[in-house]
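**Student:** One structure follows; several queries about it will come next.
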Amino acid sequence: MIKNQEFLKKKASYCIDLVKKLGATGSSVIVNHSVSETVNFRNQKLDESNRSDDLGIDITIYFGKKKSSISSSNLLNDNLNTLIEKCIETTKNTPDDEFNSLPDKDLLAKEVKDLDLYDDTHLENDQKIDYLKKLEASASDDEKIINTESSFTQNKSNFILANSEGFCNGYKTSSFTAYSVAVAKNEKSMERDYEYSSKCFLKDLDDAEELGKLAADQTIRKLNPKKIGTEKISIIFDKRIAKGILSNFASAISSSAISRGTSFLKDKINQKIFSDKIKIIDKPDIPKGLGSRNFDSEGVKTDTLKLVEQGILKHYLIDTYNGKKLNLKSNGRCGGTSNLYFENGNINFKDLLNLNPKSLYITETIGHGSNIVTGDYSVGATGFLIENGEFKYPINEITIAGNFKDMFQNVTLANDLNFKYATNSPTMMIEGMVVAGK
Amino acid sequence: MTNFFEKSDLSRNQAEDIVSETLQKCDDGELYLENSKSESILLDDNKIKNSSYNSDLGFGFRAISDEIVAYSHSNEISKNSLKQSSRNLKSTLRSAKGNYNHFIPKSNKRYYENFNPIDQKTLNEKIEILNKVNNYIRSKNKNVKQVTANFLGEHKSIEIIRSGGETLSDVRPLIRFNVSVMLENNGRKETGVYGIGGRKSYNSYLKDNNWKNVCDEALRIASVNLESKPAPAGEMKVVLGPGWPAILIHEAVGHGLEGDFNRKKTSAFHDLMGQKVASEGVTIIDDGTIDNRRGSLTIDDEGTPTEKTVLIENGILKNFMQDRLNARLMKTRSTGSGRRENYRHIVLPRMRNTMMLSGKQTQDEMIKAVNKGIFAVSFGGGQVDITSGKFVFNCTEAYEIINGKIGSPIKGATLIGDGPSILKEVSMVGNDMMLDPGIGTCGKAGQGVPVGVAQPSILINKMTVGGTKL
Chain A
757 MIKNQEFLKK KASYCIDLVK KLGATGSSVI VNHSVSETVN FRNQKLDESN RSDDLGIDIT
817 IYFGKKKSSI SSSNLLNDNL NTLIEKCIET TKNTPDDEFN SLPDKDLLAK EVKDLDLYDD
877 THLENDQKID YLKKLEASAS DDEKIINTES SFTQNKSNFI LANSEGFCNG YKTSSFTAYS
937 VAVAKNEKSM ERDYEYSSKC FLKDLDDAEE LGKLAADQTI RKLNPKKIGT EKISIIFDKR
997 IAKGILSNFA SAISSSAISR GTSFLKDKIN QKIFSDKIKI IDKPDIPKGL GSRNFDSEGV
1057 KTDTLKLVEQ GILKHYLIDT YNGKKLNLKS NGRCGGTSNL YFENGNINFK DLLNLNPKSL
1117 YITETIGHGS NIVTGDYSVG ATGFLIENGE FKYPINEITI AGNFKDMFQN VTLANDLNFK
1177 YATNSPTMMI EGMVVAGK
Chain B
56 MTNFFEKSDL SRNQAEDIVS ETLQKCDDGE LYLENSKSES ILLDDNKIKN SSYNSDLGFG
116 FRAISDEIVA YSHSNEISKN SLKQSSRNLK STLRSAKGNY NHFIPKSNKR YYENFNPIDQ
176 KTLNEKIEIL NKVNNYIRSK NKNVKQVTAN FLGEHKSIEI IRSGGETLSD VRPLIRFNVS
236 VMLENNGRKE TGVYGIGGRK SYNSYLKDNN WKNVCDEALR IASVNLESKP APAGEMKVVL
296 GPGWPAILIH EAVGHGLEGD FNRKKTSAFH DLMGQKVASE GVTIIDDGTI DNRRGSLTID
356 DEGTPTEKTV LIENGILKNF MQDRLNARLM KTRSTGSGRR ENYRHIVLPR MRNTMMLSGK
416 QTQDEMIKAV NKGIFAVSFG GGQVDITSGK FVFNCTEAYE IINGKIGSPI KGATLIGDGP
476 SILKEVSMVG NDMMLDPGIG TCGKAGQGVP VGVAQPSILI NKMTVGGTKL
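Just so you know, the sequences run in chain order A and B.
The first sequence begins at 757 in this note's numbering and counts up one residue at a time.
The second sequence begins at 56 in this note's numbering and counts up one residue at a time.
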């Protein structure tokens, strides 16, 4: 069972009181508990069950402008006493940093809205197994599928964030996640692909059979890939890859990258960084949203931010420390974005495929090829060649490269946005990138 | 050595009884206990930005029947908690009819000392070195715009209790020191990163102002990148420098030779045992027994002593890396490669220190043999798709080669290749094998574990370079 708010609050206030008694000027504490149960299937048989029960505490202590932190998974008071004493000593010996401080009191969240983030339903492992049986039967239907691995995870979490300014709040969240990976093989090649669904509420989860069939279909169509030549070509990013480009944008406007000067988007506020009609929104209060939250990891309230309007950058993602350094107020983005998305473009998916006589449709990238300092982007890719709006044949062992500064100015979006992840994008086309192949 | 039962209502005897009772009809399994302490001190933007300390304690209880693994972990070492885990395992393995395999090899060899790196230097000493690092780098070059430097120290005690009460334990120190420099000139920014580490004491890494070499190297890489021009795009010859570039071996073939992917037949190598998978002269081993290295282990996380495993010998595929589960199902023995990030994770077959051994040629001969290509000296991260065999990695320091001579530095580009065929494209193996500086972390199934790599210079006939210059 997941620990209740009372237990977590008691632990948090024990620490805050002790830290105060030992003479510190401020503190903040996060206590969280999560219980997660996973069942894995392989080739239509039970392969693994995994139960995890994780209790943890993070404590940050302030002595004026000095700061230090500890974390532990052992919440016995004995252990907490030792750790807090150690942390007090460390804090005293750490040099001052003028920007260290708890968040401004008037920015802290006052109310906690019920965003419908917790489903009390408990699914026994046998029921998870039933779901996976259906999923894997559907995924294994085609004889070209030689291997399937699928998992079902139920997660329940609860947390409390408290600080010495009197903030003390938290709430439960839940998630139900199903994942399926298929391997297809024929004489010439062996390929792998996947499908996934994750929801706060069990009843919203994708149908098992549909999920399995999607995983299989997406894998089979990758068989017999070809390598293409080295050229400049327009690239269409599948939604699951396009969201990654949006995440790179979010890293580049984080106040820490901006204040340290390590972002290619530094000093670009109120400048046009995307093509004309692009709008990017971070909306924390979507009911059942996978990225929804009432406040950030410092307790600061989070309002909806229109980060980019008509292609123009309007906000950075600001936390307390870097905000003070940049002389800006925190906008509740310590720990990153919430539900981040591009608004829909005004062209449908089919028309997007038809915009150019020839383009590349990318379904997977590999490698860590995004450089936030310079904006350079170069990754390995897998996908399909599109000719006259039709999927012609699969492509692999190529790389795609460009620089975000140019790529962002050449984005065209389809109108097929949905909220499958916490960060979401419609299908995205970018022109002018270089493909390296043969 | 941690006494895991000191402050618990659970005694060692009771724990042993629960383990034996739970694993009665299972083929394998164990109770894994872990106590780890880690410390991180970070200097960034001219200040000590962060000092943090983590103390983590918990257990992971595993039961295996045939191919099915049941796992349950908790950070509460108590009677209740272990019993709840036991019930959870039994409910998954209701129909278990196995025979517990009690055999586990023994060895007295140790590959690192038992010490706690966190206590070796005071906080103030560590802060003082970080400040020196910052001042040293900033005084050496006027274009320095950002310096980040950090110390990571870890001390991990583990204990494995098997059915019948057999107990195995290990204490593992680990240190890492890292420096990152950003230079800016005429509006252009580039970074250079370098680090050192392993299972030795702070003093051995930092004596004689050793830290200055780390700073110089980070600064040198950043300066080279500031002069770099766009990388070429397309297929060409690639010379890899010695040492850290061996992450190519790690990604391209290492992962594909891990037992689990081969038992499940999802690795491109699964049906190639005994066959020629690399050019003659290419020998690759995975070695957990090199003293004090980042990837070395006295015993793996199942209690099996580690060893030097020959993966490819003179081009022929000889062995996969195995944990107990995959070894049993593939009717072979564990190579001491069963590892986990911590008690929250199940054991998987993983790499330790993966090395390509030296050949006879010199790096000079390789460069001279290339008309148009690139010379890659250092890499950032890499990744592989086990099934298709395609892998990538990102250059962080590379040069063009024109007519047998090293030319201008080129911007970070991704290289992509095909695992099963890349080693057949190796046409020269250098005589200059070098170990990496001790900074690698390998990710698999969401678990990060410390690893090492090593190789000599090698010449690859054909790889695709993902630059922007057509």
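In this text, a Cβ means the ideal position worked out from N, Cα and C, and glycines have one as well.
1) Would you check if the stretch 210 to 223 of chain B and the stretch 466 to 482 of chain B touch, i.e. whether three or more CB-CB distances between them fall below 8 Å?
2) Quick check on the DSSP output: the alpha helix (DSSP H) that includes G968(A) runs from which residue to which?
3) Just to confirm before moving on: does the CB-CB distance between V248(B) and A286(B) stay below 8 Å?
4) With a 10 Å radius around its C-beta and 16 neighbouring C-beta atoms as the bar for buried, classify F1140(A) as buried or exposed.
5) If we ignore side chains and look at the alpha-carbon of each, how far apart do N1004(A) and T442(B) end up?
6) Using a Cβ cut-off of 8 Å (strictly closer), state whether F60(B) contacts chain E.
7) Taking 7 Å as the cut-off, does the CB of G779(A) come closer than this to any heavy atom belonging to the ligand SAH?
8) Would a check of beta-carbon distances place I1074(A) closer than 8 Å to chain B?
9) Can you check whether the CB of V294(B) is closer than 8 Å to the CB of G428(B)?
10) So, does the CB of I471(B) fall closer than 8 Å to a CB anywhere in chain A?
11) Tell me which residues share the same chain as N1159(A) and place their Cβ nearer than 7 Å to its Cβ, disregarding the 5 neighbours each side in the sequence.
12) State yes or no: is the C-beta of G113(B) within less than 8 Å of the C-beta of S129(B)?
13) State the Cα-Cα distance for the pair L917(A) and F932(A), rounded to the nearest angstrom.
14) Within 10 angstroms of the Cβ of S162(B), are there 16 or more other Cβ atoms? Answer buried if so, exposed if not.
15) Short of 8 Å Cβ to Cβ, which residues in the stretch 310 to 341 of chain B face chain A?
16) Within this structure, are the beta carbons of A1008(A) and I1128(A) separated by less than 8 Å?
17) Roughly how far, in whole angstroms, is the beta-carbon of D1038(A) from the beta-carbon of S1048(A), given that I think they are within contact range, below 8 Å?
18) Quick one: is H305(B) buried, meaning 16 or more other Cβ sit within 10 Å of its Cβ, or exposed?
19) Work out the CA separation of L1021(A) and D491(B) for me, nearest whole Å.
20) Assuming P404(B) contacts D378(B) (C-beta within less than 8 Å), just tell me the rounded distance between them.
21) CA-CA distance, T203(B) and T1179(A)?
22) Excluding sequence positions up to five away, which residues of its chain have a Cβ less than 7 Å from the Cβ of A151(B)?
23) What did DSSP end up calling L178(B) once you bin it into helix, strand or coil?
24) Indicate whether Y166(B) and D342(B) have their beta-carbon atoms separated by less than 8 Å.
25) Is N1004(A) helix, strand or coil when you go by DSSP?
26) Roughly how many angstroms separate the alpha carbons of I276(B) and I984(A), rounded to a whole number?
27) If you drop the 5 nearest sequence neighbours on each side, which residues of the same chain put their C-beta closer than 7 Å to that of L1082(A)?
28) Where does the unbroken alpha helix (DSSP H) through N881(A) begin, and where does it stop?
29) Should M237(B) be flagged as near chain A, meaning a C-beta pair shorter than 8 Å?
30) Determine whether the beta carbon atoms of F1105(A) and D1172(A) lie at a separation below 8 Å.
31) D949(A): buried (16+ other C-beta within 10 angstroms of its C-beta) or exposed?
32) Beta carbon of S808(A), beta carbon of R399(B): below 8 Å?
33) Provide the residue span of the alpha helix (DSSP H) that contains D1107(A), from first to last.
34) So, does the stretch 135 to 144 of chain B touch the stretch 97 to 106 of chain B, judging by three or more C-beta pairs under 8 Å?
35) Out of I1156(A), M1163(A) and K1176(A), state which residue places its alpha-carbon closest to the alpha-carbon of G1193(A).
36) Nearest CA to the CA of S896(A): which residue from S936(A), K912(A) and D875(A)?
**Tutor:** In terms of the structure at hand:
1) no
2) A964 to I976
3) no
4) buried
5) 27 Å
6) Looking for chain E here will not work: the only protein chains present are A and B.
7) Summarising the ligand content, the structure contains no ligands, and the ligand SAH is consequently not present.
8) no
9) yes
10) yes
11) G1131, D1132 and Y1133
12) yes
13) 24 Å
14) exposed
15) K319, K320, T321 and A323
16) yes
17) Contact flag wrong, Cβ pair sits at about 11 Å.
18) buried
19) 34 Å
20) 4 Å
21) 29 Å
22) K80, C81 and S120
23) helix
24) no
25) helix
26) 33 Å
27) S1011, I1014 and S1015
28) N881 to A895
29) yes
30) yes
31) buried
32) yes
33) F1105 to N1110
34) no
35) I1156(A)
36) S936(A)
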